[in-house]
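The next block holds one structure in the form of structure tokens; read it before the comments.
Numbering (our numbering), first residue to last: -4 to 222.
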């Protein structure tokens, strides 16, 4: 399970992220770096982690014209990242897949953010409810040749039936029983996420904001193991 838990280093400074990694050494082997840390020196830190054998999920949610996405992916491949997110638009996914061809980078299509509910999707102009939109984008990701998708663990079981056993189904919005949901709206416990078919769980605040980060990570790993 240790390789299936991804800790989100959603922290304001590089110093704090380095401290978190030290505290979690031996318990965690996979980290997510997103916008907050990326814009505080996190990209160099991502390279440093990867060069030392640690797995890094670069959560950039790329979306742009095909050429721009492709050139970005080519450079991210050179960084040694394990996973990279992009929005699950068919053209964007196809451009990224072609750019990453031959590498070990796992490209993940972001379906619907776990902070969005049905009203948020309607407000964004989509004709589908979140569940239907997730399934549609999962099918498109499969056809584009992506390595996996990102969705809520609520949808993981249905997504797994679409993408089959081999693609990664990465689920954020994981909250241990009794914890605060924060700005997440479609949340699931670690054990239920594993039972639903998630290949990887992304956990940020329940670990990095905990008084004892290592104990929080080990508790989540134990819950995953019990699924």
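Using N, Cα and C, we set each Cβ at its ideal position, and we do this for glycine too.
Would residue i be called buried (16 or more neighbouring beta carbons within 10 Å of its own) or exposed?
i           : result
residue 34  : exposed
residue 6   : buried
residue 229 : In the structure as shown, the chain starts at -4 and stops at 222, and residue 229 therefore has no counterpart that could be examined.
residue 176 : Low confidence applies to residue 176: its pLDDT is 49, below 50, so where it sits in the model is not reliable, and the reading given next is rough at best. Exposed, by the Cβ-count rule.
residue 112 : exposed
residue 117 : exposed
residue 109 : buried
residue 54  : buried
residue 8   : exposed
residue 224 : Because the chain in this structure spans residues -4 to 222, residue 224 falls outside the shown range and cannot be described.
residue 27  : buried
residue 133 : buried
residue 166 : buried
residue 119 : exposed
residue 160 : exposed
residue 217 : exposed
residue 155 : buried
Let me check one thing: in DSSP terms, what residues is residue i bridge-paired to?
i           : result
residue 195 : 165
residue 25  : 50
residue 81  : 57, 104
residue 1   : 197
Could you please give the first and the last residue of the uninterrupted alpha helix (DSSP H) stretch that includes residue i?
i           : result
residue 67  : 61 to 73
residue 158 : 151 to 158
residue 182 : Counting along the chain, residue 182 falls outside any alpha helix (DSSP H), and DSSP gives it neither H nor E.
residue 113 : 113 to 118
residue 218 : 208 to 220
Judging by CA-CA distance, which residue of the options is the nearest neighbour of residue i?
i           : options            : result
residue 101 : 207, 211, 76       : 76
residue 88  : 97, 116, 109, 58   : 58
residue 219 : 128, 194, 203      : 194
residue 4   : 46, 183, 51        : 51
residue -1  : 185, 204, 201      : 185
residue 204 : 216, 2, -4         : 2
residue 47  : 9, 163, 25         : 25
residue 69  : 121, 97, 213       : 97
residue 61  : 217, 198, 197, 86  : 86
residue 32  : 23, 49, 12         : 12
residue 199 : 121, 170, 115, 159 : 170
residue 162 : 168, 192, 215, 182 : 192
residue 14  : 202, 65, 67        : 202
residue 140 : 182, 95, 122       : 95
residue 144 : 135, 157, 49, 164  : 164
residue 23  : 122, 131, -3       : -3
residue 137 : 158, 153, 92       : 158
Need the endpoints of the beta strand (DSSP E) that residue i sits in, please.
i           : result
residue 16  : Careful: residue 16 lies outside any beta strand (DSSP E), inside the alpha helix (DSSP H) at 9 to 19.
residue 142 : Per DSSP, residue 142 belongs to no beta strand (DSSP E) and is neither H nor E.
_Touching by the beta-carbon criterion (3+ pairs, under 8 Å), the segment 9 to 26 and the segment 208 to 215_ = yes
*Would you call the segment 98 to 115 and the segment 80 to 88 touching, i.e. three or more CB-CB distances under 8 Å?*
yes
*Is there contact here, the segment 146 to 158 with the segment 111 to 131, by at least three beta-carbon pairs under 8 Å?*
yes
*Does the pairing of the segment 65 to 76 with the segment 34 to 43 give three or more beta-carbon distances under 8 Å?*
yes
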